[in-house]
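Here is the structure we will look at.
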Amino acid sequence: MSLIDILTMRNELLLTFMAMILLIIDLNLNHAQKSRMIPISIGLFLVVTLIGFIPQPDRTLFGGMYHTNGLVQLMKNILNIGVLIILLQSVAWLRSPANSTKISEYFFLLISTLIGMNFMISSGDFLMLYLGLELATIPIAALAAFTHFNTKSSEAGIKLLLSSALSSGILLYGISMIYGSTGSIYFDAIGASYTNVPLQVLAFIFFFTGMAFKISLVPFHLWTADVYEGAPINVTSYLSVISKGAAAFILIIVMFTVFKTLAPVYKSMIYLIAVLTMTVGNLFAMRQKNMKRFLAFSSIAQAGFILLGILGTNKMGMTSVVYFVLVYIFSNLGAFGVVAAISAKTGKENMDDYDGLYLTNPKLSLLMMLSMFSLAGIPPVAGFFGKMFLFTSAASAGYYWLVFIAVLNATISLYYYLLVIKAMFINKSENPIAAFQSDGYTKVGLMLCALGIFVLGFWSQVYEFINNLSFGI
Amino acid sequence: MNILTLFIVIPVLTVIGILFTKDLKQSRLVSAIGMTAQLILSGILVYLYMTERSAGNMAPMLFTFDVLWFPALNIHYAVGVDGISVAMIALTGVVVFAGIFASWNMEFLSREFFISLILLATGVFGFFISLDLFTMFLFYEIAVIPMYLLIGIWGSGPKEYSAMKLTIMLMGGSALLMVGILGIYFYSVPEGGQLTFNVLEIAKHQIPVEMQRFLFPFTFIGFGILGALFPFHTWSPDGHASAPTAVSMLHAGVLMKLGGYGAFRVAIYLMPEAAHEQAWIFIILTTISVVYGAFGAIFQKDLKYINAYSSVSHCGLVLFAVLMMNQSAFTGAVIQMISHGLMTALFFALIGMIYGRTHTRMINEMGGLMKVIPFLGVVYVIAGLASLGLPGFSGFVAEMTIFFGAFEHIDVFHRVATILAVSSIVITAVYILRVVGILLMGPIKDHHFDHLPDANWYERLSTITLVVGITFIGVVPIWLSDMINFSLAPLMEKLASIQLPGM
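Going line by line, the protein sequences match chains L and H. Under the numbering used here, the first residue of the first sequence carries the number 16, and numbering increases by one thereafter. Under the numbering used here, the first residue of the second sequence carries the number 197, and numbering increases by one thereafter.
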């Protein structure tokens with residue numbers, strides 16, 4: 016294996032180096048200098064993100080365990096952009112006195128999980144997939160319990176850890192059955208030899224259940240709300256955007272390659288889960304008062320829409336899913352960014368606290384409105400295009416009633432997204448959140464979101480670019 | 197640049213301009229300039245359109261412009277107009293112009309108000325010029341969503357409830373529409389061809405009849421909800437009553453017409469077979485709309501509710517006419533859309549102006565207003581007479597043509613429906629004259645109203661613009677119906693060419 020081969024794993028390697036460097040630098044800083052970690056980490060991560068955009072040829076390593084191609088690289092880049100925005104948005108929170116000694120831990124843990132996700136997306140067999148998944152999950156549990164003096168946060172950590180362990184167990188059981196029935200763990204080999212015997216169907220169900228935990232599809236979503244509420248906001252946004260996005264990416268790749276012969280079997284199952292996920296997520300989101308819980312349930316509903324693209328089982332379906340996740344990253348991070356900025360300044364996290372926000376903080380309110388519209392799928396912002404293309408791919412497979420249910424759900428979701436807009440723009444408040452200025456990092460993070468929400472929809476080249484890399488069954 | 201694209205560019209530029217203004221005076225000035233430009237542009241478009249046609253240009257759509265937007269899905273930004281869209285654009289231009297002047301004194305968050313209002317108008321203009329179903333749908337939603345903020349922030353009464361109800365119901369309509377549009381897209385061309393969203397391309401082929409049967413109700417009801425189709429009209433009275441003046445004007449005047457226009461341009465034009473088969477269901481529903489709306493108006497005490505119900509009735513008539521599917525009825529439908537658009541905008545403008553003076557909209561609390569505010573009173577009577585279909589105003593031309601067309605059907609079902617619908621004219625006369633009698637005639641009930649100021653210049657400008665429109669169509673309808681008739685040719689050809697089972 017030559018050096019060039021090793022460099023194929025540049026994303027993973029760079030992130031690993033970065034994590035190490037952060038730890039070493041941290042050792043040499045005294046208490047008062049810890050806050051220097053923030054610009055250093057963000058700067059390093061920006062470099063990694065930019066390097067990710069340098070094109071590289073498709074290549075396979077370790078006899079097929081690890082592979083990379085344009086689509087995989089694109090997915091990694093999408094995640095990197097999302098993480099970059101999250102890092103920018105966490106600055107205000109990291110600077111609070113309670114976190115002053117733990118700054119580099121935050122970055123280290125976050126980057127560790129990202130390494131896991133990168134390996135997971137690049138995996139060419141189930142072993143690598145499982146390793147990546149575990150590496151991605153365990154540090155998040157630590158992150159969720161980051162404010163360990165807060166009971167809810169510790170609770171979130173334990174809950175996440177336990178439910179992840181359970182789901183990993185189920186997933187692993189499924190993988191073992193796949194290995195047992197096909198004699199291989201390599202995606203290519205399994206894909207070629209899958210014959211849909213009952214054991215293999217069962218294996219798929221176990222595998223899918225494991226992944227459904229990660230994406231929090233109904234009925235495997237029960238951990239979501241508590242964990243999202245307890246974890247620090249930036250970790251919540253990481254969980255709901257990056258973690259979910261990465262799992263959706265690998266799920267669609269595996270469904271379209273390994274389990275492609277199973278497509279006629281799994282379609283009805285996914286149909287049902289999609290309907291359940293959208294509906295349950297929406298019905299629960301309606302009643303939430305805490306912004307974090309609210310966004311948690313809304314993100315469950317959003318995950319249901321992703322399944323529509325998988326149901327399309329064609330090139331358009333994959334393009335739509337990747338595009339939707341890209342758009343979703345910007346829209347959801349826009350919403351989370353505003354919640355984080357307000358929470359860092361005032362500690363307020365309830366929807367009632369947002370009453371009259373527009374009169375005091377118009378820019379934050381406008382960004383929040385854009386994000387809400389984008390999440391609800393209202394034109395002309397990007398979310399409309401994301402949803403529309405998912406619906407199109409489901410319709411291309413003839414699922415008109417599912418599309419109808421999905422659009423109705425989008426309408427229901429509009430109701431609760433409008434509630435936030437109503438609080439900010441229409442409701443009057445005796446003591447609204449006072450006008451405040453965010454720090455530079457947060458501003459840049461929020462502006463990136465606003466830009467993404469505005470531009471991605473009209474900029475059809477993005478969709479075309481993804482479409483050229485995608486594939487169907 | 198293509199002249200039609202200007203219809204989107206000018207409002208967008210106006211919005212950007214308003215962003216840089218500081219107070220009410222500046223933002224209303226910028227809006228007025230922008231929308232005057234838009235009105236002039238509409239005039240130019242009408243002129244150019246007439247010139248082209250008289251020069252013998254027979255293309256179904258003029259001034260077409262087409263850019264590929266999403267190549268993978270063959271989504272285009274495709275625009276083009278025929279006589280019907282030109283007429284609708286001109287209507288929108290007039291109503292938006294009048295709307296800006298009707299909200300000349302919007303003190304609270306004025307910048308945001310004008311931005312939302314003009315965004316709404318952008319959506320409407322975009323909808324009327326679109327030839328591509330995708331962009332059409334996009335503009336449709338752009339037109340609907342600012343309503344939430346406009347009613348929620350600047351409305352009155354139970355504004356939060358009404359705003360939410362309106363938005364959710366209309367978005368529910370667009371859910372149906374989305375299914376319809378996607379279905380049309382996937383059956384737009386025979387097996388193996390390049391799928392397309394372009395209306396003209398789709399019209400060249402026949403969508404399989406089984407699919408039409410499935411898709412037509414989605415599409416028609418989807419548009420019908422915006423056109424206040426019974427029983428999906430309930431957003432309309434609440435929404436109109438809570439909305440601020442300019443928004444009621446725009447909404448009843450223009451936005452509800454999106455429903456009629458869409459039902460006609462998409463549902464009937466692309467799926468004529470299914471339309472023929474299923475028309476009876478919707479004829480029943482629209483007849484109920486027409487009669488029920490008119491009866492509803494009789495029992496209301498709030499001026500805005502009266503007009504909202506009368507809009508349900510009149511917009512029901514548009515859909516009723518569309519379903520009759522013959523040349524006269526179609527012509528009538530389009531004239532009715534324009535006539536009702538102008539008329540109802542005028543009504544809502546007047547109600548807003550009266551409310552601004554008396555601070556009540558309950559007709560029982562007012563009386564004898566003709567003596568104190570003669571200008572507004574007279575205009576109100578004109579609007580009322582136009583609304584009940586007096587010859588010389590637009591309403592007469594529209595209703596006459598519609599019922600003429602409807603009566604061409606000789607079977608019992610159509611005859612009965614038509615006769616029932618005709619009865620709405622009488623009921624309309626009842627509620628219009630009742631309001632005029634109580635509100636304007638008789639002694640002045642409340643002596644706070646003794647010295648109300650009459651209309652000032654911007655109110656006069658706003659109302660006179662609309663009155664001119666109404667009278668113009670009433671006196672020279674031939675000009676408008678020529679424009680429409682010519683544009684109906686492709687649709688009539690398509691209707692004539694279909695093979696109907698059992699006919």
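Cβ atoms here follow ideal geometry from the backbone N, Cα and C, with glycine treated the same way.
> Can a CB atom of chain H be found closer than 7 Å to the CB of PRO394 of chain L?
Replying inline: yes
>> Can you confirm whether GLU337 of chain H, when its beta carbon is compared against all beta carbons of chain L, has any partner nearer than 7 Å?
In response: yes
>> Judging by CA-CA distance, which residue of L:SER358, L:LEU326, L:SER196 is the nearest neighbour of ALA278 of chain L?
In response: L:LEU326
> Closest by CA to GLY230 of chain H, which one among H:ILE240, H:LEU220, H:PHE203, H:PHE592?
Replying inline: H:PHE203
> Is any beta-carbon of chain L found at less than 7 Å from that of ILE559 of chain H?
Replying inline: no
>> Taking beta-carbon pairs under 8 Å, can you tell me which members of the segment 272-302 of chain H lie near chain L?
In response: none
> Between the Cα of ALA286 of chain H and the Cα atoms of H:SER306, H:LEU235, H:MET374, which residue gives the shortest distance?
Replying inline: H:LEU235
> What did DSSP end up calling TYR414 of chain L once you bin it into helix, strand or coil?
Replying inline: coil
>> DSSP three-state label for SER326 of chain H, please.
In response: strand
> Excluding the five sequence neighbours on either side, which residues of its own chain have a C-beta within less than 6 Å of the C-beta of SER208 of chain L, listed in chain order?
Replying inline: THR197
> THR363 of chain H touches chain L at which residues, Cβ-Cβ below 8 Å?
Replying inline: LEU429, LEU433
> Helix, strand or coil for ASN522 of chain H per DSSP?
Replying inline: coil
>> Run through chain H and tell me which residues come within less than 9 Å of LYS437 of chain L, C-beta to C-beta.
In response: TYR344, GLY348, GLU356, ALA359, MET360
> Is the beta carbon of VAL336 of chain L sitting closer than 7 Å to the one on GLY260 of chain L?
Replying inline: no
>> Run through the DSSP bridge pairs and tell me what SER138 of chain L is partnered with.
In response: L:TYR81
>> Contact between the segment 405-421 of chain H and the segment 354-370 of chain H is defined here as three or more beta-carbon pairs at a separation below 8 Å; is this criterion met?
In response: yes
> DSSP three-state call for HIS610 of chain H: helix, strand or coil?
Replying inline: helix
> Just the Cα atoms here: how many angstroms apart are THR483 of chain H and VAL295 of chain L?
Replying inline: 39 Å
> Which stretch, first to last residue, makes up the alpha helix (DSSP H) that contains ALA493 of chain H?
Replying inline: 468-494
> Thinking just about the alpha-carbon of each residue, which of L:ILE248, L:PRO54, L:MET24 is nearest to the one in TYR456 of chain L?
Replying inline: L:PRO54
>> I'd like the list of long-range same chain contacts for TYR430 of chain L, defined as Cβ closer than 7 Å, with 5 residues on each side in sequence excluded.
In response: MET301
>> Taking the alpha carbon of TYR383 of chain H as the reference point, which residue from H:TYR357, H:GLU561, H:PHE410 has its own alpha carbon closest?
In response: H:PHE410
>> Is the separation between the beta-carbon of ILE341 of chain H and that of ILE468 of chain L shorter than 7 Å?
In response: no
> Looking at SER485 of chain H and SER358 of chain H, is the spacing between their C-beta atoms short of 7 Å?
Replying inline: no
>> So LEU37 of chain L and SER119 of chain L are supposed to be a Cβ contact under 8 Å. How far apart are they, rounded?
In response: 5 Å
> Who are the Cβ neighbours of MET699 of chain H in its own chain at under 7 Å, not counting the five residues just before and after it?
Replying inline: Below a pLDDT of 50, predicted positions are generally treated as unreliable, and MET699 of chain H, at 42, falls in that range; the measurement from the model is reported next regardless. Closer than 7 Å at the Cβ level, and outside the excluded window around MET699 of chain H, lies no residue.
> Do LEU538 of chain H and PHE478 of chain H have their CB atoms nearer than 7 Å?
Replying inline: no
> Among H:ALA582, H:ILE606, H:MET688, which one has its Cα closest to the Cα of THR667 of chain H?
Replying inline: H:ALA582
>> Spatial neighbours of VAL477 of chain L within its chain, please: C-beta separation below 8 Å, excluding the five flanking residues on both sides.
In response: TYR338, LEU341, LEU471
>> For ASN51 of chain L, tell me which candidate among L:PRO70, L:LEU109, L:SER314 has the shortest Cα-Cα distance.
In response: Note that residue 51 of chain L is Arg in the sequence shown here, rather than Asn. It is L:LEU109.
>> Less than 7 Å between C-beta atoms, sequence neighbours within five positions excluded: which residues of the same chain meet that for PHE412 of chain H?
In response: ALA463, MET467, ALA470, ALA471, GLN474
> From SER524 of chain H to PHE324 of chain H, what distance separates their C-alpha atoms?
Replying inline: 22 Å
>> By alpha-carbon positions, which one of L:ALA350, L:GLY371, L:MET226 ends up nearest to GLU445 of chain L?
In response: L:GLY371
> Using the beta-carbon of each residue, which ones in chain H are nearer than 8 Å to THR407 of chain L?
Replying inline: LEU269, LEU378, TYR381
> Does DSSP put LEU586 of chain H in a helix, in a strand, or in coil?
Replying inline: coil
>> Assuming PHE304 of chain H is part of the beta strand (DSSP E), what are its boundary residues?
In response: Here PHE304 of chain H belongs to no beta strand (DSSP E), and DSSP marks it neither H nor E.
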